[in-house]
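Engineer:
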Amino acid sequence: MNAFNLSFACFTLVWGSLSDRFGRGRLFAAGAATFAVGSVASALAPNTVVLDVARGVAGLGGAAIFSCGAAILSSAFDGPARLRAFALFGTTAGIGVALGPTLSGLLVDTAGWRPIFAVQAAVLLVVLAATPVIGLGRPAGDAAAKFDLLGTVLLVLGLLAAMVGIVQGEPWGWGSPAVVASFVLAVALLVAFARVESRRPAPLLDLELLTHARFMALCLVPVAASFGFVTLLTYFPTFLQFVAGQSSAKAGLVIVLLTIPVVVGPLAAGRAVGAGVNPLVVIWISLGALIAGDLGLLLAGPDTVVAVIAVPLLLAGCGMGLSAGLVDGQALALVPEEKAGMAAGVVNTMRLGSEAIAVAVYAALLTGLVTRRGEEALAGVDGVGNAADVIGRAASGDLGQALATAGPGVREQVAPLVIDAYNSAFHTTLVVLAVVVAGLSGVIAVLLRRGAGAR
-11 MNAFNLSFAC FTLVWGSLSD RFGRGRLFAA GAATFAVGSV ASALAPNTVV LDVARGVAGL
49 GGAAIFSCGA AILSSAFDGP ARLRAFALFG TTAGIGVALG PTLSGLLVDT AGWRPIFAVQ
109 AAVLLVVLAA TPVIGLGRPA GDAAAKFDLL GTVLLVLGLL AAMVGIVQGE PWGWGSPAVV
169 ASFVLAVALL VAFARVESRR PAPLLDLELL THARFMALCL VPVAASFGFV TLLTYFPTFL
229 QFVAGQSSAK AGLVIVLLTI PVVVGPLAAG RAVGAGVNPL VVIWISLGAL IAGDLGLLLA
289 GPDTVVAVIA VPLLLAGCGM GLSAGLVDGQ ALALVPEEKA GMAAGVVNTM RLGSEAIAVA
349 VYAALLTGLV TRRGEEALAG VDGVGNAADV IGRAASGDLG QALATAGPGV REQVAPLVID
409 AYNSAFHTTL VVLAVVVAGL SGVIAVLLRR GAGAR
């Protein structure tokens, strides 16, 4: 997780809540301007420190665009028009997921990394020019209410501490003093935040929102997608290169099977609901597709044929695509209009936070399994040299470096052993991911049942 994602995750709820009070269009424009400034600064950054700071500024603006944008759609549209709006919202995000890495890679190869941020800034200038179309908007809440500065500081610092612990858990060690201290600090700050918010007449976060069973059920759907889809999007290309021996270009093409449904899925879901299909049916199909897709990838291995894994990849992509946009629209429809920004902030904080958690859990689990199974496999091989170094490089997904570290006379013997260890660890991790998604689906079912009983 870089500075962009970190600030995005920490400030999404803050922007959403403030947009209810000061006007969503106004803060959307402020977010776009902030993102543009951060992008320009990134393009001109003379060193990595400045680049990190600039990316953090851009993430701050991105958080405003995402949370305020969803709230604007919720307030501006109703009925079938809202379905279409959120379907397009999900599809637009899907296009970014599908094409962003590819286009960025092409820009880097042809012109370097700086033009990536210049293109971002140019797009954001177009967005800023179009903001008069949506209008600055009148505050939906009480603009005269005192700004909850203490709550904001506690929330941002609490989320920041939690994210640092999650992201650095693997490199620093989950039991290291720094990681443990990060989690302890996060718990203390977030508990203090909850106590402060419970006493505020105009809180940054209305804690009653977290007791709304149906709303929280919908918030957990993107959490399930983080475990069932985002982890694959992040790490499956490494599997294809390490285990299946594919080039990075071919692995990128295979991943298109995973991302295409993210583009078309939101529109398909919107049309289905518009035609009378219960939104919850679509959501359950998406959760089932995530589980089926993850388990279907157990067919992947050293001799992987794309035709064999195409269906599992498409299913996992559908699991993400069918719920993207639809969940946001359904969740925001459950809260009063004056709290739409706050609700959008909660949904997207859980989305971004769970992505960080899911990726960290995946990396920790896979690394641990590769290490254990690699040690067992190499125990009987003489002349390996520093076996721990070989296994460590294999666990990071770098087969070339792993074999280079092994003794020259045993590389042919070591290669199939470490590949098998990685393949076996990947399969076990897939099962764990599917179980997590199934468990979250069970929690969602309980919350939906409780929400139905409360009506």
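Just so you know, we're using the numbering used here here: the sequence shown kicks off at -11 and counts up by one. Yeah, the Cβ is synthetic: ideal placement off N, Cα and C, and Gly gets one too. Quick caveat, the model's predicted, so the values are computed rather than measured.
How far does the alpha helix (DSSP H) with G57 in it reach, from first residue to last?
Structural biologist: Unbroken alpha helix (DSSP H) run through G57: T36 to A64.
Engineer: Could you tell me the alpha carbon to alpha carbon distance between G333 and V423, rounded to whole angstroms?
Structural biologist: Each residue's alpha carbon lies about 28 Å from the other.
Engineer: Give the DSSP-derived three-state secondary structure of W101 in the structure shown.
Structural biologist: DSSP places W101 in coil when its eight states are reduced to three.
Engineer: On the DSSP letters alone, give me the boundaries of the alpha helix (DSSP H) that W272 sits inside.
Structural biologist: That run of the alpha helix (DSSP H) goes P267 to G284.
Engineer: So, are the CB atoms of V425 and G216 less than 8 Å apart?
Structural biologist: For V425 and G216, yes; Cβs fall inside 8 Å.
Engineer: What would DSSP say about V398, mapped onto helix, strand or coil?
Structural biologist: In the structure shown, V398 sits in coil (DSSP, three-state: anything other than H, G, I, E or B).
Engineer: What residue range is occupied by the uninterrupted alpha helix (DSSP H) comprising V293?
Structural biologist: Premise fails: V293 is in no alpha helix (DSSP H) and is neither H nor E.
Engineer: Out of C306, P225, V211 and N266, state which residue places its alpha-carbon closest to the alpha-carbon of I248.
Structural biologist: Of the listed residues, the one whose Cα sits closest to I248 is C306.
Engineer: What does the Cβ neighbour count give for T79, buried or exposed, with the cut at 16 atoms within 10 Å?
Structural biologist: Under this definition T79 is a buried residue.
Engineer: For I279, which residues in the same chain have their Cβ closer than 6 Å to its Cβ, ignoring the five residues on either side in sequence?
Structural biologist: Correct list, in chain order: A422, V425 and A426.
Engineer: Just to confirm, are S27 and F105 a CB contact at a threshold of 8 Å?
Structural biologist: Yes, the Cβ-Cβ distance between S27 and F105 is below 8 Å.
Engineer: Evaluate G13 with the Cβ neighbour count: other Cβ atoms within 10 Å of its Cβ, from every protein chain shown; 16 or more gives buried, anything less gives exposed.
Structural biologist: Classification of G13: buried, given that the 10 Å Cβ count is 16 or more.
Engineer: Contact between the region 302 to 318 and the region 260 to 273 is defined here as three or more beta-carbon pairs at a separation below 8 Å; is this criterion met?
Structural biologist: Segments in contact, yes.
Engineer: What's the gap between the Cα of R438 and the Cα of L197?
Structural biologist: Going from the Cα of R438 to the Cα of L197 covers about 15 Å.
Engineer: On the three-state DSSP scale, how would you describe Q234?
Structural biologist: Residue state, collapsed to three classes: coil.
Engineer: Using DSSP with H/G/I as helix, E/B as strand and the rest coil, what is G289?
Structural biologist: It is coil, neither helix nor strand.
Engineer: For V209, I'd like the list of residues in its chain whose CB is within less than 8 Å of its CB, leaving aside the five on either flank, ordered along the chain.
Structural biologist: Here the set comprises I271, S274, L275, S311, V315 and I432.
Engineer: On the CB-based measure, 16 or more other CB atoms within 10 Å of its CB, does D194 come out buried or exposed?
Structural biologist: Buried, because 16 or more other Cβ atoms sit within 10 Å of the Cβ of D194.
Engineer: Could you have a look at L135 and say whether DSSP puts it in helix, strand or coil?
Structural biologist: Here residue 135 is Phe; the residue named in the question, Leu, does not match the sequence. Coil at F135, not helix or strand.
Engineer: For N336, which residues of its own chain have a beta-carbon under 6 Å away from its beta-carbon, when the five flanking residues on both sides are left out?
Structural biologist: Same-chain partners within the cutoff: T0, F54 and S55.
Engineer: Report all residues from its chain with a CB closer than 6 Å to the CB of G4; omit the five preceding and five following residues, and keep chain order.
Structural biologist: Answer for G4: S55, G329, M330, A332 and G333, listed in chain order.
Engineer: Helix, strand or coil: which one does DSSP assign to S5?
Structural biologist: Helix.
Engineer: Answer yes or no: do G157 and A352 have a C-beta to C-beta separation smaller than 8 Å?
Structural biologist: Going by C-beta atoms, G157 is nearer than 8 Å to A352.
Engineer: Thinking just about the alpha-carbon of each residue, which of F74, I345, G397 and V296 is nearest to the one in G242?
Structural biologist: Contrary to the premise, residue 242 reads as Val rather than Gly in this sequence. Closest option to V242, Cα to Cα, is V296.
Engineer: Would you mind sorting D291 into buried or exposed? The rule is 16 or more other CB atoms within 10 Å of its CB.
Structural biologist: D291 should be labelled exposed.
Engineer: Roughly how many angstroms separate the alpha carbons of V349 and L340, rounded to a whole number?
Structural biologist: For V349 and L340, the distance between alpha carbons rounds to 14 Å.
Engineer: Who are the near neighbours of L301 in its chain, counting only those whose CB is closer than 6 Å to its CB and skipping five residues on each side?
Structural biologist: These residues qualify, in order along the chain: L245 and L246.
Engineer: Evaluate contact between the region 132 to 144 and the region 64 to 79, counting only Cβ atoms and requiring at least three cross-stretch pairs below 8 Å.
Structural biologist: These segments do not touch.
Engineer: Can you tell me whether A263 is helix, strand or coil according to DSSP?
Structural biologist: It is coil, neither helix nor strand.
Engineer: What ranges does the alpha helix (DSSP H) occupy inside the region 170 to 215, keeping only unbroken runs of at least 4 residues that lie completely in it?
Structural biologist: With a minimum length of 4 residues, the continuous alpha helix (DSSP H) runs that stay inside the region 170 to 215 are 201 to 213.
Engineer: Starting from F217, trace the alpha helix (DSSP H) in both directions and tell me its first and last residue.
Structural biologist: It is not in any alpha helix (DSSP H) - F217 carries neither H nor E in the DSSP assignment.
Engineer: If you follow the alpha helix (DSSP H) that N374 is part of, which residue opens it and which one closes it?
Structural biologist: From DSSP, N374 is part of no alpha helix (DSSP H); its letter is neither H nor E.
Engineer: Using 10 angstroms around the beta-carbon of V434, count the other beta-carbons present and answer buried if the total reaches 16, otherwise exposed.
Structural biologist: Result: exposed.
Engineer: Whole angstroms is fine: what's the gap from L15's alpha carbon to A52's?
Structural biologist: Near 7 Å, if we compare the C-alpha coordinates of A52 and L15.
Engineer: Leaving out five residues before and five after A263 in sequence, what residues of the same chain have Cβ atoms less than 6 Å from its Cβ?
Structural biologist: Excluding residues within five positions, none has a Cβ falling inside 6 Å.
Engineer: Within 8 Å, do at least three Cβ pairs link the region 379 to 387 to the region 355 to 367?
Structural biologist: Touching, per the Cβ criterion.
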